[in-house]
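Engineer: This is the structure, below, for whatever I ask next.
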Amino acid sequence: MQTNLVKRERFLEMIRPVYNVDIIKVLMGPRRSGKSVILST
67 MQTNLVKRER
77 FLEMIRPVYN
87 VDIIKVLMGP
97 RRSGKSVILS
107 T
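Counting with my numbering, you get residues 67 to 107 for the letters of the sequence shown.
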């Protein structure tokens with residue numbers, strides 16, 4: 067099984083500053099669009 071990852075560097079640059087901030091974050095998107103993968107990077 068081959069895994070093709072899409073680079074979302076622009077999006078990651080926007081959300082990285084709030085990784086360790088004590089607020090609730092909601093990441094929304096269609097099913098199987100990579101939301102969990104984004105959170106694990």
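Glycine is no exception: its CB is placed at the ideal position from the N, C-alpha and C atoms. None of the values given here were measured: they were computed from a predicted structure.
CA-CA distance, SER99 and ASP88?
Structural biologist: When rounded, the distance between both Cα atoms is 25 Å.
Engineer: Are LYS91 and VAL84 touching if we call contact CB-CB under 8 Å?
Structural biologist: A contact, by the Cβ cut-off of 8 Å.
Engineer: Would you say LEU105 and LEU93 are within 8 Å of each other, going by their C-beta atoms?
Structural biologist: Yes, Cβ-Cβ distance for LEU105 and LEU93 is below 8 Å.
Engineer: What does a CB cutoff of less than 6 Å around PRO96 pick up in its chain, not counting 5 residues either side in sequence?
Structural biologist: Excluding residues within five positions, none has a Cβ falling inside 6 Å.
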